[in-house]
Each structure stands twice: as structure tokens, then as C-alpha cells.
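Quick notes on the structure that follows.
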Amino acid sequence: MPALPKQSREVVSVRLPPELYARLDALVERTQRSRGFYLREALLNMLPVLESRYWAHDVDETQRAELAVFGALMAQLNGEGGTPGAEPAEGEQQPPA
Numbered sequence: 001m002p003a004l005p006k007q008s009r010e011v012v013s014v015r016l017p018p019e020l021y022a023r024l025d026a027l028v029e030r031t032q033r034s035r036g037f038y039l040r041e042a043l044l045n046m047l048p049v050l051e052s053r054y055w056a057h058d059v060d061e062t063q064r065a066e067l068a069v070f071g072a073l074m075a076q077l078n079g080e081g082g083t084p085g086a087e088p089a090e091g092e093q094q095p096p097a
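Counting from 1, one number per residue, gives the positions in the sequence shown under full-length UniProt numbering.
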């Protein structure tokens with residue numbers, strides 16, 4: 001696990017539910033380590049997991065949006081007109097399913 005530089009530590013304040021706070025304090029009491037130690041450990045271990053989960057989610061949403069645009073463009077190029085799922089314009093007939 002990478003060591004944190006001693007001189008450039010930033011302070012972060014976070015509100016915890018009472019149950020989580022009590023569990024953290026019980027661990028601190030039992031092991032004689034600081035709350036900060038355990039909070040840093042938790043972040044160092046979980047941040048890569050959270051980054052993967054949420055960044056991958058953003059990529060998935062972007063890909064879905066790009067595929068929808070691509071599908072609409074392909075439909076127009078193939079003479080199917082309009083965008084998929086769009087209501088027909090007034091006076092235009094709905095193609096058979």
C-alpha cells in the first residue's frame with residue numbers, strides 16, 4: 001500500500017451515522033490506532049473499486065447514447081426515416097410492425 005506524503009495531507013470532514021461511528025470507535029479502542037488510520041485504510045482499499053464501478057457506469061451510459069444516435073442515423077440512411085421509437089408526424093402513417 002502506498003505511503004502518504006507527510007507534508008501535504010488534506011483534511012476531509014465527513015458525517016457518519018451513529019452505528020458506523022460506534023463501530024469505528026470500537027475498532028479504535030480495541031487496536032489503539034486512530035480513526036484517521038482506519039478511514040485512510042478504507043479509502044485506499046475501496047477507492048479503486050468505486051472508481052471502476054462508477055467510471056464504468058459512465059462509460060456504459062455514454063456508449064448507449066452513442067449507439068442510439070448511430071441507430072437513428074443508420075435508420076435514416078436506410079430510408080426508414082425518423083428516429084426509432086418516435087411518433088409519426090401529423091399526416092404520416094405508422095409503418096406496419
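Where is the CB? At the ideal position from N, CA and C, for every residue including glycine.
> What residue does the alpha helix (DSSP H) around V11 start on, and which one ends it?
Replying inline: Premise fails: V11 is in no alpha helix (DSSP H) and is neither H nor E.
> In chain order, what residues of the same chain lie with their CB nearer than 8 Å to the CB of R16, ignoring the 5 residues before and after it?
Replying inline: A small fix is needed here, since residue 16 is Leu in this sequence, not Arg. Correct list, in chain order: L24.
>> I need the straight-line Cα distance from F37 to Q63, nearest angstrom please.
In response: 39 Å
> Taking the alpha helix (DSSP H) that L27 falls in, what are its first and last residues?
Replying inline: P18 to T31
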